[in-house]
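Top line first, the protein sequences correspond to chains A and B. Heads up: the first sequence begins at 76 in our numbering, then just goes up one per residue. Heads up: the second sequence begins at 76 in our numbering, then just goes up one per residue. Using N, Cα and C, we set each Cβ at its ideal position, and we do this for glycine too. Comments concern the structure below.
There are 2 protein chains.
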Amino acid sequence: VAVYTLVAAEDIAALLSRYDVGTLVSAKGIAEGVENSNYLIETTGGRFILTLYEKRVDAADLPFFIAVLDHLAMKGNPVPRAIRDRNGFQVQTVAGRPACLIEFLPGVSVTRPGRSDAHAAGAALGRLHWSLADFRARRDNSMGLPGWRHLAEQCGTAIDKIRPRLAERIAAELAFLEQHWPAELAHSIIHADLFPDNVLMLDGQVTGIIDFYFAAYDIRAWDVAVTHAAWCFDDDGAHYNAARGAALIAGYEAGFGLSHAERTAFPVLCRGAALRFLLTRAWDWLNTPADAMVTRKNPLAFLSRLDFYATASPKTLLGA
Amino acid sequence: VAVYTLVAAEDIAALLSRYDVGTLVSAKGIAEGVENSNYLIETTGGRFILTLYEKRVDAADLPFFIAVLDHLAMKGNPVPRAIRDRNGFQVQTVAGRPACLIEFLPGVSVTRPGRSDAHAAGAALGRLHWSLADFRARRDNSMGLPGWRHLAEQCGTAIDKIRPRLAERIAAELAFLEQHWPAELAHSIIHADLFPDNVLMLDGQVTGIIDFYFAAYDIRAWDVAVTHAAWCFDDDGAHYNAARGAALIAGYEAGFGLSHAERTAFPVLCRGAALRFLLTRAWDWLNTPADAMVTRKNPLAFLSRLDFYATASPKTLLGA
Numbered sequence: 076v077a078v079y080t081l082v083a084a085e086d087i088a089a090l091l092s093r094y095d096v097g098t099l100v101s102a103k104g105i106a107e108g109v110e111n112s113n114y115l116i117e118t119t120g121g122r123f124i125l126t127l128y129e130k131r132v133d134a135a136d137l138p139f140f141i142a143v144l145d146h147l148a149m150k151g152n153p154v155p156r157a158i159r160d161r162n163g164f165q166v167q168t169v170a171g172r173p174a175c176l177i178e179f180l181p182g183v184s185v186t187r188p189g190r191s192d193a194h195a196a197g198a199a200l201g202r203l204h205w206s207l208a209d210f211r212a213r214r215d216n217s218m219g220l221p222g223w224r225h226l227a228e229q230c231g232t233a234i235d236k237i238r239p240r241l242a243e244r245i246a247a248e249l250a251f252l253e254q255h256w257p258a259e260l261a262h263s264i265i266h267a268d269l270f271p272d273n274v275l276m277l278d279g280q281v282t283g284i285i286d287f288y289f290a291a292y293d294i295r296a297w298d299v300a301v302t303h304a305a306w307c308f309d310d311d312g313a314h315y316n317a318a319r320g321a322a323l324i325a326g327y328e329a330g331f332g333l334s335h336a337e338r339t340a341f342p343v344l345c346r347g348a349a350l351r352f353l354l355t356r357a358w359d360w361l362n363t364p365a366d367a368m369v370t371r372k373n374p375l376a377f378l379s380r381l382d383f384y385a386t387a388s389p390k391t392l393l394g395a
Numbered sequence: 076v077a078v079y080t081l082v083a084a085e086d087i088a089a090l091l092s093r094y095d096v097g098t099l100v101s102a103k104g105i106a107e108g109v110e111n112s113n114y115l116i117e118t119t120g121g122r123f124i125l126t127l128y129e130k131r132v133d134a135a136d137l138p139f140f141i142a143v144l145d146h147l148a149m150k151g152n153p154v155p156r157a158i159r160d161r162n163g164f165q166v167q168t169v170a171g172r173p174a175c176l177i178e179f180l181p182g183v184s185v186t187r188p189g190r191s192d193a194h195a196a197g198a199a200l201g202r203l204h205w206s207l208a209d210f211r212a213r214r215d216n217s218m219g220l221p222g223w224r225h226l227a228e229q230c231g232t233a234i235d236k237i238r239p240r241l242a243e244r245i246a247a248e249l250a251f252l253e254q255h256w257p258a259e260l261a262h263s264i265i266h267a268d269l270f271p272d273n274v275l276m277l278d279g280q281v282t283g284i285i286d287f288y289f290a291a292y293d294i295r296a297w298d299v300a301v302t303h304a305a306w307c308f309d310d311d312g313a314h315y316n317a318a319r320g321a322a323l324i325a326g327y328e329a330g331f332g333l334s335h336a337e338r339t340a341f342p343v344l345c346r347g348a349a350l351r352f353l354l355t356r357a358w359d360w361l362n363t364p365a366d367a368m369v370t371r372k373n374p375l376a377f378l379s380r381l382d383f384y385a386t387a388s389p390k391t392l393l394g395a
């Protein structure tokens, strides 16, 4: 969690002069996500986030992400839009990196979500999917099933340093998923990373959904599965909280809803979600020095979830 | 530059409930300084900085720092005070660390200071010294002359990895300073670290002086020398900007002033300032992994300054 690229206040002030947002009052580098450099900026006109896109976000994808956010905001979802400068441009170059000045949204991320938080998150995800039903732009999901195999191959047997025979376990899981993946389910643009970190809340209401940099076209119900894996476990993945899972799904039903086929396939989708984060966390674990100043997230927290999902029934996961 | 300790939003909300500052609206970890963990917090009542003190700040020193800030604020200096909770306490425990909720000050740090910026900084430092003339609490300066020898011994000959024969050069400089140090000059509580980073400005005015965690009792004019070394060089220490130096000193004269003895000793004080930052940066350089996510600051930028100060006249440095 760090600011990667330092931007001089003078350069921020010069950037702001291209917009109708007032003049610079304060700028603080913030530790928002590990993928980009972010500044919380106050001007005489309001508050904004300045994001510089570092290597993990492909600049070619920015117009897609911006279009998704504009579409969602237009339909009333609490997402941060990229501000247009006086010439109508939403993407700038700052310190040699593509950068956007983005709306600031109030709210904080819950660290220990309760049932009502999960319900609110599920409902917000449902409204997101509802709003995206008529969105036509596409982006392939590099973090979908073919991406997991690729990532597993990149990790190789080095992954066994995290736990003995983990490579073997992952290979078996991939084989299972490739055989049983419900590719025929409805597709949509999905958020694909709706962890509590990416949901801002105030007084139990969702005030912001952020970090759309994994948004892509994929199985819509997989987005619900990702959110389930992200919100419904305690003790670093060790314990499933069934009441919270049921609340999340009830919220999603209120916002959009799952078909019979999606409900039947839900355990398999959840296995895919658990495997996706097991693999990306394992990759980061193997490629981040132990003494680096970023917090390495424990990959095994998602192996626990994978174990759980492998034997769970739809009813256990969905609550009804 | 990083947030070291993660604090859950729920825990920040609980902390705020001890104060009369409204309820939590937003909390972002910010990259302010490398010594502490900082959150920029918005409540229904205003904006605040929550600082958690990590290992470099001794909790036993906090009452001293807080008293300095209260004294300076009472006299009208733009410094951030620690807020009192409803029971009158300014120091709390958050995530096992001593922590303060601190006033938020507007303004940004200039990266490329001009003459007028240097004048404003000098004047602000002068007003600081004026206000501290009747402040009676004391704190020894662990980063004063005896501290430099200690630090040089801790670095040992490993420092030659930064530049061949640097240890020898430092030993000679220490011997010179120990012989010529003007210990008889007036003492005061000093800021001791007034880099541009620690001065917030808006429209050419100083709106904030921050980061008093090196404040201590020492030669008052040494504080001016530190500020001179910090503000008056370009190109990573390679070039002295005489006009900016003169502006800084003119500002200081307007706020407080240098005696004849202080002017005469100024080159020696500046050598001490350059050596202090050469040594602490060298120490950090030798003890920070090259791939860590903190930016290592180049120690040799202060060797260049030391070289310059060793032959400079008071007139060159003071401008008159």
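Please confirm whether B/Asp-133 has its beta-carbon closer than 7 Å to some beta-carbon of chain A. no
Buried or exposed for A/Ala-199, going by 16 or more other Cβ atoms inside 10 Å? buried
Closer than 8 Å at the beta carbon, the chain B residues around A/Pro-181: Val-100, Ser-101, Glu-117
Closer than 7 Å between beta carbons: that is the criterion. Which residues of the region 80 to 92 of chain B meet it against chain A? Ala-83, Ala-84, Glu-85
By how many angstroms is the C-alpha of A/His-204 removed from the C-alpha of A/Phe-210? 10 Å
Spatial neighbours of A/Ala-102 within its chain, please: C-beta separation below 7 Å, excluding the five flanking residues on both sides. Ala-84, Ile-87, Tyr-114, Ile-116
Please list, in chain order, the residues of the region 167 to 196 of chain B that have any C-beta partner in chain A closer than 7 Å. Pro-181, Gly-182, Val-183, Ser-184, Val-185, Thr-186, Arg-187
Could you give the distance in angstroms between the alpha-carbon of B/Asp-278 and the alpha-carbon of A/Thr-126? 25 Å
Taking C-beta pairs closer than 8 Å, name the residues in chain A that B/Ile-105 reaches, listed in chain order. Lys-103, Gly-104, Ile-105, Ala-106, Leu-115
Have a look at A/Phe-140 and A/Ala-329 and give me their C-alpha separation to the nearest angstrom. 26 Å
Taking 6 Å as the cut-off, is the CB of A/Asp-278 close to at least one heavy atom of the ligand FAD? Of the ligands one can find in the structure shown there are none, so the ligand FAD has no counterpart to examine.
Own chain partners of B/Arg-380 with C-beta closer than 7 Å, once the 5 adjacent residues on each side are dropped: Ala-304, Phe-308, Gly-312, Ala-349
Helix, strand or coil for B/Ala-157? Go by DSSP, reduced to three states. strand
Distance between B/Leu-361 and A/Ala-170 (C-alpha atoms, nearest Å): 28 Å
Just to confirm the assignment, what range does the alpha helix (DSSP H) spanning A/Ser-101 have? Here A/Ser-101 belongs to no alpha helix (DSSP H); instead the beta strand (DSSP E) covers 99 to 105.
Quick check on the burial criterion: 16 or more other C-beta atoms within 10 angstroms. Buried or exposed for A/Leu-393? buried
Rounded to whole angstroms, what's the CA-CA distance from B/Gly-326 to B/Pro-257? Just pull it up for me. 23 Å
Name the chain A residues whose beta carbon is nearer than 7 Å to that of B/Leu-277? Val-100
Own chain, CB closer than 6 Å to A/Arg-190, minus 5 neighbours either side, in chain order: Ala-318, Arg-319, Ala-322
Counting C-beta neighbours from all protein chains within 10 Å, is the total for A/Gly-201 16 or more, i.e. buried, or is it exposed? buried
Span of the beta strand (DSSP E) around A/Thr-118: 111 to 118
What do you reckon, are the CB atoms on A/Pro-188 and B/Val-100 nearer than 7 Å? no
Could you tell me if B/Gly-347 is buried or exposed, where buried requires 16 or more neighbouring beta carbons within 10 angstroms of its beta carbon? buried
Can you name the start and end residues of the beta strand (DSSP E) that B/Asp-192 belongs to? From DSSP, B/Asp-192 is part of no beta strand (DSSP E) but of the alpha helix (DSSP H) over 190 to 207.
State the CB to CB distance for the pair B/Ser-184 and B/Pro-239, rounded to an integer number of angstroms; the pair is presumed to be in contact (CB under 8 Å). 35 Å between Cβ atoms; not a contact.
So A/Phe-123 is in the beta strand (DSSP E); what residue range does that whole segment cover? 121 to 128
Do A/Leu-220 and A/Glu-337 have their beta-carbon atoms positioned less than 7 Å apart in this structure? no
A/Thr-363 by DSSP, collapsed to three states: which one? coil
Can you name the residues that DSSP bridges to B/Pro-173? B/Thr-168
Measuring only the C-alpha atoms, how far is A/Pro-378 from A/Arg-244? Looking at the sequence provided, one finds Leu at residue 378 of chain A rather than Pro. C-alpha separation (whole angstroms): 10 Å.
Counting contacts by CB-CB distance shorter than 7 Å, is A/Phe-270 in contact with chain D? Here chain D cannot be found, since the structure's protein chains are A and B.
If we cut at 7 Å on Cβ distances, does A/Leu-378 have a partner in chain B? no
Where does A/Ala-305 fall in DSSP's three states? helix
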